[in-house]
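The opening position of the sequence shown corresponds to residue 27 in the numbering used here, with each subsequent residue numbered one higher.
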Amino acid sequence: MADIATEGGLPARTARRAGRRRASGIYGAIVTAAILDTAGGRLPTDALVVAVVATLVVYWLAEEYAAFLGEQAEGGVVATWSYIRQALADSWPMVSASYLPLLALLVARIAGASAFSAANVGLVTAVVILTYHAWVAGRAAQLRGRRLLFSTSIGAALGLAMILLKDIVLARLH
């Protein structure tokens, strides 16, 4: 990743950290969408919110733990507390990516939507976030026209596939 990022002129460390934050946010949005997809409408709204946040916190900690162990095994050096704090902060967007979809879910529920419909509102919000991340990444890579549209469409298609899975496949099976 550093090689790709440094071609644009950013210092390698800055580019790596920014890329890590964005990747964590994208992963968090995908996990949020997946949980809203599978559990939305099946859990009470408060339990769904707790399930999303708790799952993301566990994933966040597990991913960082695995990264620290992998780096320790490769480098033979134990990470410093400063490094650990910075790495945890850099990957926190994995959890914070859920805030906007969960806020949309709660607002929809308070406005009178059913648990299923409110989960769809949160899911659509997560899809919009995924699409936005794909668009920003395409713009950062200086894509234009059809190439930007194609790149952005991949993020949107991933999210739309989750919605189709939830509303067509799962709803028909139950």
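Ideal Cβ placement from N, Cα and C applies to all residues, glycine included. Here the structure is a predicted model, which is why all the values come from computation and not from measurement.
Review point. Does any CB atom of chain C fall closer than 8 Å to the CB of Ser117?
Key: Here chain C cannot be found, since the structure has a single protein chain.
Practice item. For Ala41, count neighbouring Cβ atoms within 10 angstroms of its own Cβ and tell me buried if that reaches 16, exposed if not. Key: By the beta-carbon neighbour count (other beta carbons within 10 angstroms, threshold 16), Ala41 is buried.
**Study point:** Top-ranked residue by Cα proximity to Leu131, from Asp63, Ala160, Gly101
**Key:** Asp63
Review point. Can you give the Cα-Cα distance for Ile189 and Ala141, rounded to whole angstroms?
Key: 15 Å
Point to revise | Cβ separation of Ala160 and Val147, assumed to be a contact under 8 Å, to the nearest whole Å | key: Actually they do not touch by this definition, with Cβ atoms about 21 Å apart.
Review point. In whole angstroms, what is the alpha-carbon distance linking Val60 and Ala92?
Key: Note that residue 60 is Ala in the sequence shown here, rather than Val. Spanning the two alpha carbons is a distance of roughly 22 Å.
Point to revise | Cutoff 7 Å; reference Ser5; Cβ partners in own chain excluding five residues on either side | key: Residue 5 is absent from the model: the chain starts at 27 and stops at 200.
Exercise for review: Inspect the beta-carbon positions of Val83 and Val133 and report whether they are closer than 8 Å.
Suggested key: It is not a contact, given that the beta carbons lie outside the stated cut-off.
Exercise for review: Confirm, please, whether the CB-CB distance from Ser50 to Pro119 is below 8 Å.
Suggested key: yes
Practice item. Verify whether the separation of the beta carbon atoms of Glu100 and Ser117 is less than 8 Å. Key: no
Check your understanding: So Arg111 is in the alpha helix (DSSP H); what residue range does that whole segment cover?
Key -> 107 to 117
Review point. Which residue's Cα is closest to the Cα of Ala137: Arg47, Arg48, Thr71?
Key: Thr71
Review point. To which residues of the same chain is Met27 closer than 7 Å at the C-beta, ignoring the five residues directly before and after it?
Key: Its pLDDT being 39, under 50, Met27 is placed unreliably by the model, and the measurement read from it follows with that caveat. For Met27, where only same-chain residues beyond five positions count, the Cβ hits under 7 Å are Arg42, Gly45.
Practice item. Out of Leu184, Gly102, Ala123, Leu95, state which residue places its alpha-carbon closest to the alpha-carbon of Ile110. Key: Leu95
Review point. Given Ala152, which residues of its chain have a CB within under 6 Å of its CB, disregarding the five upstream and five downstream residues?
Key: Ala55, Thr58, Ala59, Pro127
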